Every structure is written in structure tokens, then in C-alpha cells.
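Student:
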Amino acid sequence: MSLCVLLLALTAAGLVLGGVLATYDWTTPGAERPLFFAVLGTFLAALGIPVVTAAARWARAGGR
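If you want our numbering, it's the position in the sequence shown, counting the first as 1, plus 3.
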């Protein structure tokens with residue numbers, strides 16, 4: 004399994020968990036902030052990995 008696919012699956016699971024926490028656990032809103040930043044980090048990593056690998060391939064090929 005690709006690392007990007009794993010990170011996107013973790014992002015989806017985090018979004019579902021955030022929805023559940025927002026709906027059923029409204030008494031503790033402090034749980035949402037760390038979850039939000041964790042989901043944001045996994046999503047940006049899932050997007051950043053292909054960009055970095057493509058840039059590395061481009062640079063290795065001579066840049067033109």
C-alpha cells in the first residue's frame with residue numbers, strides 16, 4: 004500500500020472522528036483543535052509526498 008493512500012485514509016478517519024466529536028461530545032470542545040491540526044498535517048503530507056518526489060525526479064532528469 005502506498006504511503007499517500009495510507010495518509011489519505013488516516014485523514015478520512017480523522018474527519019469522521021472530528022464529526023463524531025463535534026456532534027456527540029459538545030461539552031469538550033478542546034478535543035477538536037488537536038484533531039484538526041493532526042488531520043491537516045496528514046492531509047498536507049499526503050499531498051506533499053507526490054510533489055516532492057516529482058520535483059526530485061525532475062531535478063534528477065536534468066531539470067529541462
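All C-beta atoms in this analysis are idealised placements derived from N, C-alpha and C, irrespective of residue type, glycine included.
Note that the structure is predicted; figures quoted are calculated from it, not measured.
Please name the residue, chosen from ALA49, ASP28, ALA34, ALA58, that lies closest to ALA15 on a Cα-to-Cα basis.
Tutor: Here residue 15 corresponds to residue number 12 of the sequence shown, with the count starting at 1. If we check each option's Cα against that of ALA15, ALA49 comes out closest.
Student: According to the Cβ coordinates, are LEU6 and THR45 closer than 7 Å?
Tutor: If you number the sequence shown from 1, residue 6 lands on position 3. If you number the sequence shown from 1, residue 45 lands on position 42. It is not a contact, given that the beta carbons lie outside the stated cut-off.
Student: Please classify LEU10 as buried or exposed, where buried requires at least 16 neighbouring CB atoms within 10 angstroms.
Tutor: Taking the first residue of the sequence shown as position 1, residue 10 is located at position 7. Looking at its Cβ environment, which holds 16 or more other Cβ atoms inside 10 Å, LEU10 is buried.
Student: Can you name the start and end residues of the alpha helix (DSSP H) that GLY65 belongs to?
Tutor: Here residue 65 refers to the residue found at position 62 of the sequence shown. Run containing GLY65: none; DSSP gives neither H nor E here.
Student: So GLY17 packs on ALA41, CB below 8 Å; how close in whole Å?
Tutor: What you label residue 17 is simply residue 14 of the sequence shown in a count that begins at 1. What you label residue 41 is simply residue 38 of the sequence shown in a count that begins at 1. GLY17 to ALA41, Cβ: 6 Å. Contact.
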